[in-house]
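Engineer: Quick one: structure below, then a few questions.
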């Protein structure tokens with residue numbers, strides 16, 4: 002796709018999509034319809050991620066609210082699929098699951114949707130296990146790393162709701178007025194002065210008392226796991242909503258880049274200018290646009306509604322180069338970036354065309370013809386076995402070690418055993434891998450066949 006639009010959560014204020022017949026159902030539908038109608042006539046890809054208000058903060062019943070929103074939005078788009086260019090899977094990740102939900106926007110650009118509210122919701126109120134392909138957070142992080150690792154030579158864009166950095170109220174920034182009029186934080190015009198005692202609420206939020214704030218323990222765990230993962234891979238951009246303002250960060254430690262674009266319908270204050278840690282911040286309504294150029298450059302732009310035309314047009318208030326990855330193997334000799342500069346293919350790198358030409362010559366076929374592999378005979382693995390010991394080192398310790406820590410099953414783990422060979426091309430009619438699983442101590446591969454049966458292969 003040449004472009005994509007992503008709504009970054011809190012799509013239905015204030016409590017998500019209520020059941021049909023509820024007194025506020027039509028209000029919720031109207032708020033969602035306004036956002037969906039903007040997409041009429043737009044030919045690019047379009048997605049929406051859930052936020053904490055769609056989940057009613059992760060409380061009981063929140064999952065049902067999210068799933069109702071998903072069903073309603075996609076039914077609304079499907080009713081006029083030609084106008085919306087609707088192709089399915091709009092609210093992602095699906096069914097309240099955590100993700101990662103992988104979307105290939107271009108050959109060199111992969112977008113990954115995460116359901117950040119899932120990570121800070123109590124287990125009783127969120128889906129897990131077979132319904133989502135993950136039993137816990139560590140399995141989700143392992144799956145996310147596998148997606149990023151597999152696409153490490155491409156641009157990676159993470160889209161979700163909760164930020165990892167913030168100079169706004171979710172990051173612990175409150176004004177003097179917030180301490181005097183604390184009720185105005187949750188109700189815009191509740192200016193009841195509560196000096197001294199009014200500081201209890203903002204201080205509680207600053208030091209981790211609210212699940213939606215960065216200082217909250219489960220939120221911190223989510224942040225630290227992602228930053229540790231991002232530090233292993235370049236070219237990661239993380240885009241979120243949640244804060245009702247505009248912010249941009251570069252994190253030198255994780256080498257990732259962070260976009261906050263959460264002021265589509267309301268605004269809240271943010272620490273201004275040099276007083277904060279953001280490279281850019283603005284408390285105005287607006288949105289961010291991320292531009293990926295053919296020469297490997299990535300730029301971010303922030304826009305706010307202009308005073309003219311009742312906000313029907315926007316003006317750019319900030320533009321910043323995020324990073325540049327020049328000399329990619331996929332780059333062509335005549336690509337141009339935002340400044341019109343031409344980049345050349347890096348010496349020593351082979352393009353896809355070079356590799357296909359070499360393969361054709363090696364096979365004796367004309368250049369440009371497909372390489373024929375259908376006449377290659379596959380081995381027959383029926384009744385085949387492989388004999389291997391799971392871990393011979395378990396039984397290589399001395400008597401003192403065994404006396405101190407116990408015999409356990411060291412001999413069994415070090416004993417060679419004949420294991421049958423599983424040929425996934427023929428087993429159960431042919432098995433197709435679709436997801437990796439496992440946490441810190443296990444590894445598994447989830448597969449399915451054409452009849453709709455699902456299996457899990459677990460490493461020993």
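Residue numbers (the working numbering): 2 to 461.
From the three backbone atoms N, C-alpha and C, an ideal C-beta is built for every residue, glycine too.
The model shown is predicted, which means the values in this text are computed figures rather than measured ones.
1) Which of helix, strand or coil does DSSP assign to residue 258?
2) By DSSP's criteria, residue 1 is part of a beta bridge. Which residues make up the other side?
3) Mind reading off the beta-carbon distance from residue 282 to residue 253? Whole number of angstroms is fine, and I expect it under 8 Å.
4) Taking the alpha-carbon of residue 284 as reference, which of 430, 267, 159 and 3 has the nearest alpha-carbon?
5) Exposed or buried, residue 272, counting other C-beta atoms within 10 Å across all chains shown (16 or more means buried)?
6) Mind checking which residues open and close the alpha helix (DSSP H) that includes residue 163?
7) I'd like the span of the alpha helix (DSSP H) that includes residue 147, first residue to last.
8) Based on the DSSP secondary-structure assignment, which residues constitute the bridge partners of residue 419?
9) What number of angstroms, rounded off, separates the C-alpha of residue 315 from the C-alpha of residue 211?
10) Can you tell me which of the three DSSP states residue 226 falls into?
11) On the criterion of 16 or more Cβ atoms from any shown chain inside 10 Å, does residue 19 qualify as buried, or is it exposed?
12) When the distance is taken between beta carbons, is residue 4 closer than 8 Å to residue 45?
13) Use the C-beta contact count for residue 461: other C-beta atoms within 10 angstroms, 16 or more gives buried, fewer gives exposed.
14) Just the Cα atoms here: how many angstroms apart are residue 431 and residue 450?
15) Inspect the beta-carbon positions of residue 213 and residue 58 and report whether they are closer than 8 Å.
16) Output the boundary residues of the alpha helix (DSSP H) element that contains residue 238.
17) Relative to the C-alpha of residue 262, which residue among 291, 278 and 417 is closest?
18) Is residue 410 buried or exposed, if buried means 16 or more other CB atoms sit within 10 Å of its CB?
19) Tell me whether residue 399 sits in a helix, a strand or coil according to DSSP, three-state version.
20) Taking the C-alpha atoms as reference points, what is the distance between residue 8 and residue 388?
21) How about residue 50 and residue 6: do their beta carbons lie closer than 8 Å?
22) Across which residues does DSSP place residue 456 in a beta bridge pair?
23) Within its chain, find whatever has a CB closer than 7 Å to the CB of residue 105; leave out the 5 residues flanking it on each side and keep chain order.
24) Along the chain, where does the beta strand (DSSP E) containing residue 1 start, and where does it finish?
25) How about residue 462 and residue 319: are their beta carbons less than 8 Å apart?
26) If contacts are defined as beta-carbon pairs under 8 Å, then residue 77 and residue 34 qualify, I think. What distance do you get, rounded to the angstrom?
27) According to DSSP, residue 46 sits in a beta bridge with which residue or residues?
28) Specify, as a first and last residue, the run of the beta strand (DSSP E) that residue 73 falls within.
29) Check the DSSP bridge columns for residue 282 and list the partner residues they point to.
30) For a test of the three-state rule: what should DSSP assign to residue 115, helix, strand or coil?
31) Look up residue 132 in the DSSP assignment and say whether it is helix, strand or coil.
32) Between the region 234 to 242 and the region 214 to 226, do at least 3 Cβ pairs fall closer than 8 Å?
33) Cα separation between residue 300 and residue 421?
34) So, helix, strand or coil for residue 95, using DSSP?
35) Closer than 7 Å by C-beta to residue 41: which residues in its own chain qualify, once you throw out the five before and the five after it? Chain order, please.
36) Can you give the Cα-Cα distance for residue 13 and residue 32, rounded to whole angstroms?
Structural biologist: Taking the coordinates as given:
1) strand
2) The structure shown has nothing for residue 1, since the chain only spans 2 to 461.
3) Actually they are not in contact, since the Cβ atoms of residue 282 and residue 253 sit about 18 Å apart, beyond 8 Å.
4) 267
5) buried
6) Taken as a continuous stretch (DSSP letters only), residue 163 belongs to no alpha helix (DSSP H), as it is neither H nor E.
7) 138 to 151
8) 388
9) 35 Å
10) helix
11) buried
12) yes
13) exposed
14) 6 Å
15) yes
16) Premise fails: residue 238 lies in the beta strand (DSSP E), 237 to 241, not in any alpha helix (DSSP H).
17) 291
18) exposed
19) coil
20) 52 Å
21) no
22) 448
23) 111
24) In the structure as shown, the chain starts at 2 and stops at 461, and residue 1 therefore has no counterpart that could be examined.
25) Here the chain covers residues 2 to 461 and nothing more, so residue 462 does not appear.
26) 7 Å
27) 5
28) Note, residue 73: premise wrong, no beta strand (DSSP E); alpha helix (DSSP H) at 63 to 80.
29) 248
30) coil
31) coil
32) no
33) 52 Å
34) helix
35) 84 and 85
36) 6 Å
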